[in-house]
Amino acid sequence: MEPDRALYRSWFLPIDNNAAERAIRPFAIGRKAWLFSDTPKSATASAQIYSLVETAKLTGQEPYTWLRHVLERLPHAASVEDYEALLPWNCSPEMPR
Numbered sequence: 001m002e003p004d005r006a007l008y009r010s011w012f013l014p015i016d017n018n019a020a021e022r023a024i025r026p027f028a029i030g031r032k033a034w035l036f037s038d039t040p041k042s043a044t045a046s047a048q049i050y051s052l053v054e055t056a057k058l059t060g061q062e063p064y065t066w067l068r069h070v071l072e073r074l075p076h077a078a079s080v081e082d083y084e085a086l087l088p089w090n091c092s093p094e095m096p097r
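Just so we're aligned: 48 in UniProt numbering is position 48 of the sequence shown, and the numbers increase by one with no gaps anywhere.
Written out as structure tokens, the structure is:
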């Protein structure tokens, strides 16, 4: 197939990757700040928190509200089901306070 015809047949593909660039922008900005983590342990902790926040965003949660919800309930979790209920994709965006 000729290249121009392939483009016409795949008209539904975006011509740019702005969505991907917007998604990684916070990471690119934070990368400079993370250069100054004092220890590997603190860098790991920062990466884990970043991962939790971005996962919450991807599932439609407001990160601060979701983290507060999880941290308030985590000490009382006793089973696998309790822990799974705290995952961002298992919480409704309108979580109770």
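We put the CB at the ideal spot given by N, CA and C, even for glycine.
Quiz item: Between ALA77 and LEU71, is the Cβ-Cβ spacing less than 8 angstroms?
Solution: Contact flag unset, no.
Self-check item: Euclidean distance between Cα positions of ALA20 and PHE27
Solution: 12 angstroms
Self-check item: Cβ-based neighbour list, ALA43, same chain, cut-off 8 angstroms, excluding 5 preceding and 5 following
Solution: TRP34 and SER37
Quiz item: Between the C-alpha atoms of SER46 and ALA23, what's the straight-line distance to the nearest angstrom?
Solution: 18 angstroms
Practice problem: Evaluate TRP89 with the Cβ neighbour count: other Cβ atoms within 10 Å of its Cβ, from every protein chain shown; 16 or more gives buried, anything less gives exposed. | Solution: exposed
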